[in-house]
Structure formats: C-alpha cells, structure tokens
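Heads up: the structure comes next, in structure tokens.
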Amino acid sequence: MFLETLDLKTNDILIYSQNKFDFNESFKVIYKNRKIKRPIPISYFDVCNYVKDPSPKNLIIYRMLTNIDHLDAYSSKYGYFIKINNKVELIYFDPIFAVKDLKHLRFDLDPNYFRFKIQQVGLTSLTKKENQASFAEVYSFDLKAVEAQNQNDKIFADAIFAFDPDYSEEVNEEDKEEKEFDRALHRRMNYPLKEEPDSDSITNLDNISEDKEKVNDNLSTPAVKDSEKVQLVREEIIALLKQALNIDGKKQFTNHLSAKSNEIFHARKSTTENLPRANEAKEVLDLFKSTLKTDNLSAREKLEVILKLSKS
Numbered sequence: 222m223f224l225e226t227l228d229l230k231t232n233d234i235l236i237y238s239q240n241k242f243d244f245n246e247s248f249k250v251i252y253k254n255r256k257i258k259r260p261i262p263i264s265y266f267d268v269c270n271y272v273k274d275p276s277p278k279n280l281i282i283y284r285m286l287t288n289i290d291h292l293d294a295y296s297s298k299y300g301y302f303i304k305i306n307n308k309v310e311l312i313y314f315d316p317i318f319a320v321k322d323l324k325h326l327r328f329d330l331d332p333n334y335f336r337f338k339i340q341q342v343g344l345t346s347l348t349k350k351e352n353q354a355s356f357a358e359v360y361s362f363d364l365k366a367v368e369a370q371n372q373n374d375k376i377f378a379d380a381i382f383a384f385d386p387d388y389s390e391e392v393n394e395e396d397k398e399e400k401e402f403d404r405a406l407h408r409r410m411n412y413p414l415k416e417e418p419d420s421d422s423i424t425n426l427d428n429i430s431e432d433k434e435k436v437n438d439n440l441s442t443p444a445v446k447d448s449e450k451v452q453l454v455r456e457e458i459i460a461l462l463k464q465a466l467n468i469d470g471k472k473q474f475t476n477h478l479s480a481k482s483n484e485i486f487h488a489r490k491s492t493t494e495n496l497p498r499a500n501e502a503k504e505v506l507d508l509f510k511s512t513l514k515t516d517n518l519s520a521r522e523k524l525e526v527i528l529k530l531s532k533s
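Given below as structure tokens:
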C-alpha cells in the first residue's frame, strides 16, 4: 500500500508497505517536513487510523475479486473497509494480506476450481466533508502472478524522493533528537507477529499462478451486506486481530520476525529489483496529478489476469 497526505502543511506524511505478512515491519512512514526524511516503522493498526482519517490523501491499495457468489466480506480477518465511489468495499493493504485471508473468508469451494484477481487500485480523497475518508477511484488493473508475489510499494516512495538530497534510509548518527524520536516510536510500535505456521499451505504467494485456460468466470468483490454497520464491524475485526496478536496495550513486547519470512522477503526483493518498476511507479503517481491516462496504464487496465492457487 501507499498513502500520501495532501497539503497538511505541518504534518504531511507518506506511508508505504513491502508486501510482507508482518504487522510491525512491513509498514514505514516518512515525515515529509523533517530535516532528514527516512522510513520509520509504523504499525498496521496506526496505518488503519491514517486511512480512515478524512484528511485529503492519495492511496494505493489492493482489492480481490473471486468466482464465489455472495462471499461474506465480514468474515475477513486481514482486510479493511473503506468507501470507494460511495460504496463500502473490502480492500487489502498488500497482495499477501488478500492471499492469507482466503482461509478465513467463508466459502466452500474446491481450490482446483477457485479463481480470483488481485487488482491494484489508485484512490484519491473526495472533496466533500465526512467524518471518515471517502475515495474516488483513479485507476485499477489486474496484477500478474509475478507482480502479486513481488509487489513492493516502496517504489512509490523512491519515485517521489528520487531527487531529494534529504531522503535517506540510513539513521543519521549526528541527529540525536530525531534518532531518539525514532527509537521511542519503534518501541511503541513493536508488536510481535504470531504468524500461523502455514508456509507449506495453499495460502502462500508462491502458490499463485495465472490461469492460462481463459475461463470466463464472473469475478466479483466480497459482498458488504449492511454498509451502515461497517464501522462497528471494522472495529470488531481490528479488536479480534489485536487479541490474536496478544496486543493489550499494557505489556512491553519484543519484535518477532521468523528467519523463514526474512529469507522469502529478501529473495523476492532481489527478484523485484530486476523488474522495470521505476518508470511504472512514476506513471502511476502521475495519474493522481492529472485526469489524463498514460498509454501504458490504459493498456494495463484492459488486460485481464485471472489467478489460481496450487500447492507447490
């Protein structure tokens, strides 16, 4: 996911995630008005607060469409609800959260017949005043299997700060005030991830492949049955997720990230770095500045990619 606040003057921020199933390490925030701009860890739960805040922002998230009729969105564990084009929708901050959610969404279908799409969706805040954020869709396109596996939205931050001499990923040892701020913030956000041991299960990014048979399935987003209750349901899901992660706000937690997760991420990172991503990131960001579509993105929006799952 990628989030950029717009013209907040004193507190503009940028948030990105790296497609890791980690509620502490995947998300980074950059404070755009600080002397040295660098990524700082931010928790999944604080990201949720920034997303629902009504302040103007641009947002890049992911939606999942499936061939399951009437799939209950409220059975989600790792999704989030926002209003897009005046309709409440279940979205995900990263492709990996969508895939991990498959074992929690309530449906009964043989995985051999299950088909889905993961779309990257660009959103911008609507100008009307509301208590919570409401967005208009700027663009969307289907992710290919290799993109869903290797997506790293840090590329958008890199594109924005490409020519900014004050942008750095390294801690400045001489800047003690900012360094201590970072340490305090990281301690507060230091939630452990109790990931379920499913590295060999079907809900693994490596098990995504493209359906070459071009089956004409009708794919749709999970159904939000009662949009009026979505705020209550959203808070209940977050509360249950915190409970599952053993977060009670009173204890001092230590960071946990398995060696296997690190190994997988670094392998994917090396693969991603070989993809022609910089120009694509700039093209996507340009869509927020103009109503004109770029040729490449327009072609991507017309490309239909249907995915399937298979055990490796």
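Heads up: the sequence shown at position 249 corresponds to 470 in this note's numbering, and the numbers run straight through without jumps.
Note that CB positions come from ideal geometry on N, CA and C, so glycine has one too.
Source: prediction; values computed, not measured.
Using CA atoms only, rank isn't needed, just tell me which of the options is closest to residue i.
{"i": "Val359", "options": "Thr348, Leu344, Asp432, Tyr265", "result": "Leu344"}
{"i": "Asp233", "options": "Ile339, Leu224, Leu518, Lys241", "result": "Leu224"}
{"i": "Asn352", "options": "Ile376, Leu323, Lys304, Tyr313", "result": "Lys304"}
{"i": "Glu457", "options": "Ser238, Thr231, Tyr237, Tyr299", "result": "Tyr299"}
{"i": "Asn307", "options": "Lys278, Ala354, Ser296", "result": "Ala354"}
{"i": "Lys278", "options": "Ile527, Phe509, Ser519, Ala520", "result": "Phe509"}
{"i": "Ile527", "options": "Glu368, Val505, Phe377, Lys514", "result": "Glu368"}
{"i": "Pro316", "options": "Asp385, Asp374, Arg259", "result": "Asp374"}
{"i": "Gln239", "options": "Ser276, Phe377, Leu227", "result": "Phe377"}
{"i": "Phe314", "options": "Met222, Asp290, Glu390, Ile263", "result": "Met222"}
{"i": "Arg327", "options": "Asp290, Arg259, Ser531, Ile339", "result": "Asp290"}
{"i": "Val454", "options": "Glu310, Gln372, Leu524, Leu347", "result": "Glu310"}
{"i": "Ile263", "options": "Tyr252, Lys256, Ile257", "result": "Tyr252"}
{"i": "Thr580", "options": "Ala465, Leu530, Ile459", "result": "Look at the range of the chain in this structure, 222 to 533, and you will see that residue 580 is not part of it."}
{"i": "Lys338", "options": "Asn467, Lys450, Thr442", "result": "Thr442"}
For residue i, which residues in the same chain have their Cβ closer than 6 Å to its Cβ, ignoring the five residues on either side in sequence?
{"i": "Phe382", "result": "Tyr388"}
{"i": "Pro418", "result": "Because the pLDDT of Pro418 is 44, which lies under 50, any placement of that residue in the model is unreliable, and the question is left without a value."}
{"i": "Lys514", "result": "none"}
{"i": "Arg489", "result": "Only weak support exists for where Arg489 lies, its pLDDT of 46 falling under 50; the coordinates are left without a value."}
Would you mind giving the Cβ-Cβ distance between residue i and residue j, rounded to the nearest angstrom? I have them listed as a contact below 8 Å.
{"i": "Ile261", "j": "Val272", "result": "Wrong, their Cβ atoms sit about 18 Å apart, outside the cutoff."}
{"i": "Phe356", "j": "Glu522", "result": "Actually they are not in contact, since the Cβ atoms of Phe356 and Glu522 sit about 17 Å apart, beyond 8 Å."}
{"i": "Ala444", "j": "Leu292", "result": "6 Å"}
{"i": "Cys582", "j": "Tyr295", "result": "The first residue shown for the chain is 222 and the last is 533, placing residue 582 beyond what the model contains."}
{"i": "Gln370", "j": "Leu323", "result": "About 15 Å; that fails the 8 Å criterion."}
{"i": "Thr226", "j": "Ser276", "result": "6 Å"}
Around the C-beta of residue i, are 16 or more other C-beta atoms found within 10 angstroms, so that it is buried, or is it exposed?
{"i": "Asp331", "result": "exposed"}
{"i": "Ile236", "result": "buried"}
{"i": "Asn500", "result": "exposed"}
{"i": "Lys321", "result": "buried"}
{"i": "Phe318", "result": "buried"}
{"i": "Phe242", "result": "buried"}
{"i": "Lys471", "result": "Caution is warranted here: a pLDDT of 39 is assigned to Lys471, below 50, making its placement in the model unreliable, and the coordinate value is therefore given only provisionally. Exposed."}
{"i": "Phe384", "result": "exposed"}
{"i": "Glu246", "result": "buried"}
{"i": "Lys446", "result": "exposed"}
{"i": "Thr348", "result": "exposed"}
{"i": "Gln340", "result": "buried"}
{"i": "Ser511", "result": "exposed"}
{"i": "Ser346", "result": "buried"}
{"i": "Leu364", "result": "buried"}
{"i": "Lys433", "result": "exposed"}
{"i": "Lys450", "result": "exposed"}
Leaving aside the five residues before and after residue i along the sequence, list all residues of the same chain whose C-beta is less than 8 Å from its C-beta, in chain order.
{"i": "Val342", "result": "Ile281, Ile282, Tyr283, Arg284, Ile305, Ile312, Glu358, Tyr360, Ser361"}
{"i": "Leu518", "result": "Tyr360, Phe362, Glu504, Val505, Leu508"}
{"i": "Asp516", "result": "none"}
{"i": "Leu524", "result": "Phe362, Asp363"}
Ordered along the chain, which non-local residues of its own chain (more than five positions away) have a Cβ less than 7 Å from that of residue i?
{"i": "Lys503", "result": "Ala380"}
{"i": "Leu462", "result": "Lys298"}
{"i": "Tyr265", "result": "Phe244, Phe248"}
{"i": "Pro366", "result": "The residue you asked about is not Pro; residue 366 is Ala in the sequence shown. Closer than 7 Å at the Cβ level, and outside the excluded window around Ala366, lie Ile429, Ser430, Glu431, Leu528."}
{"i": "Ala460", "result": "none"}
Hey, would you say the C-beta of residue i is under 7 Å away from at least one heavy atom of the ligand ZN?
{"i": "Glu246", "result": "The ligand content of the structure shown is nil, which means the ligand ZN is not present either."}
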